[in-house]
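Worksheet: one structure, shown below.
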Amino acid sequence: MTIKAGDKFPSVTLKTMGAGGLEGVPTDDLFKGKKVAVFGLPGAYTRTCSAKHLPGFVANTDALKAKGVDEIVCVSVNDAFVMNAWGNQHGAAGKVKMVGDGNAELAKALGLELDRTANAMGVRMQRFSMIVDNGVVKELNLEDGDYGKTSAETLLKHLG
Amino acid sequence: MTIKVGDKMPSATVKAINSGDAEDVNTDDLFKGKKVALFAVPGAYTPTCSAKHMPNYLEHADALKSKGVSSIVCLSVNDPAVMKAWAEDQGALGKITMIADGSGIYANTLGLTFDGSAAGLGTRAKRFSMLIDDGVVKSLNVEDAPSAFEVSSADKILAQL
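Here you go:
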């Protein structure tokens with residue numbers, strides 16, 4: 001079943017690169033007592049993700065925070081090493097927290113998995129954006145054609 | 161079943177990156193009529209692979225070629241976008257053929273995978289090296305642990321030539 005507005009965000013442990021190396025990121029801790037903008041994408045270094053999706057959130061970090069967002073999280077079915085390298089290339093440090101769902105556990109728990117085996121990508125995650133408030137999904141946006149519905153710019157408009 | 165010395169490399173279509181974008185390549189064509197040094201890594205951008213394994217093969221690329229190796233191939237269970245970005249980052253583009261085995265199909269066929277789920281890696285290729293002559297495995301050097309870097313070095317392949 002696909003997650004929807006009003007649902008609790010699934011409890012899984014993701015990975016990120018911290019100062020001392022690989023760290024576990026339990027989603028329950030990530031969202032507790034905070035308003036978080038989360039966006040998910042099919043793959044680090046892939047075209048739309050690199051040209052538009054991540055750069056849009058990096059560029060709009062301050063605007064999102066001005067509207068009450070405490071943290072911005074980017075997640076993909078890539079490992080934390082790849083997410084960290086990709087984030088650094090796009091200046092995400094200090095703006096967008098890069099977390100890896102390398103086992104596709106979150107993609108499956110959200111019901112947003114995407115089979116890209118034929119493209120040598122294995123199982124990935126659909127492109128989405130969300131506002132998660134204290135662990136509850138307040139808004140979920142999925143793409144249905146051209147890129148746009150899941151952008152930082154769209155999320156900003158919805159936040160009023 | 162794990163591949164062994166004397167076996168023919170399995171036939172499959174893989175995504176290979178030379179100097180441009182990934183292209184579908186049949187492994188029979190990749191290995192046919194030449195000597196190939198292949199090394200596999202658990203993951204692009206991971207510490208041992210980026211700091212030691214790939215640099216070691218780049219450093220010894222000329223020495224390998226002078227001993228009759230026609231091409232050097234790096235395989236990892238990463239997708240084509242990540243493999244290309246990593247190759248660029250490492251200065252390997254155009255020097256080492258990258259096989260982006262992102263769905264893990266070829267590593268699985270070779271019987272050389274490990275479960276990296278605890279580190280959020282999913283299923284990956286073990287760290288190993290191979291000398292392949294006209295599609296037949298001449299030597300196979302598999303590390304005991306994914307983070308180990310001893311038997312799968314370019315130096316060892318050079319000694320086996």
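Protein chains in written order, with the numbering used here: chain D, 1 to 160; chain X, 161 to 321. Don't be surprised by glycine CBs; every beta carbon is placed ideally from N, CA and C. Predicted, not measured: the structure shown is a model, and the values here were computed from it.
{"Asked": "Using CA atoms only, rank isn't needed, just tell me which of 182(X), 193(X), 172(X) is closest to residue 296(X).", "Found": "193(X)"}
{"Asked": "From which residue to which residue does the alpha helix (DSSP H) around residue 57(D) run?", "Found": "54 to 59"}
{"Asked": "Once DSSP output is grouped into helix, strand and coil, what is the label at residue 236(X)?", "Found": "strand"}
{"Asked": "Which residue comes first and which comes last in the alpha helix (DSSP H) that contains residue 87(D)?", "Found": "80 to 89"}
{"Asked": "To which residues does DSSP link residue 115(D) through a beta bridge?", "Found": "123(D)"}
{"Asked": "Could you tell me whether the segment 73 to 86 of chain D touches the segment 100 to 110 of chain D, using the rule of 3 or more Cβ pairs below 8 Å?", "Found": "yes"}
{"Asked": "Give the DSSP bridge partners of residue 188(X), in chain order.", "Found": "Residue 188(X) is not bridged to any residue."}
{"Asked": "Considering residue 159(D), what are the terminal residues of the alpha helix (DSSP H) in which it resides?", "Found": "Unbroken run through residue 159(D): none, as it is neither H nor E."}
{"Asked": "From what residue to what residue does the beta strand (DSSP E) around residue 161(X) run?", "Found": "No beta strand (DSSP E) holds residue 161(X); DSSP gives it neither H nor E."}
{"Asked": "Output needed in chain order: residues of the segment 218 to 241 of chain X with a Cβ under 9 Å from some Cβ in chain D.", "Found": "237, 238, 239, 240, 241"}
{"Asked": "Have a look at the DSSP bridge pairing and note the partners of residue 74(D).", "Found": "39(D), 98(D)"}
{"Asked": "As a quick exercise: from 140(D), 93(D), 116(D), 13(D), pick the residue whose alpha carbon is nearest that of residue 55(D).", "Found": "93(D)"}
{"Asked": "Does residue 205(X) get closer than 7 Å to chain B when you measure Cβ to Cβ?", "Found": "No chain B appears in this structure, whose protein chains are D and X."}
{"Asked": "Here's the rule I'm using: 16 or more other beta-carbon atoms within 10 Å means buried, otherwise exposed. How should residue 47(D) be labelled?", "Found": "exposed"}
{"Asked": "From residue 57(D) to residue 187(X), what does the alpha carbon distance come to, in whole angstroms?", "Found": "40 Å"}
{"Asked": "Run through DSSP, which three-state label would residue 214(X) get?", "Found": "helix"}
{"Asked": "Can you find a C-beta in chain X that's less than 7 Å from the C-beta of residue 79(D)?", "Found": "yes"}
{"Asked": "So with CB distances below 7 Å, who are the chain X contacts of residue 46(D)?", "Found": "241"}
{"Asked": "Alpha carbon to alpha carbon, how far is residue 131(D) from residue 63(D)? Give it in angstroms, no decimals.", "Found": "15 Å"}
{"Asked": "Taking the alpha carbon of residue 156(X) as the point to measure from, which residue in 291(X), 268(X), 285(X), 278(X) has its own alpha carbon closest?", "Found": "In the structure as shown, chain X starts at 161 and stops at 321, and residue 156(X) therefore has no counterpart that could be examined."}
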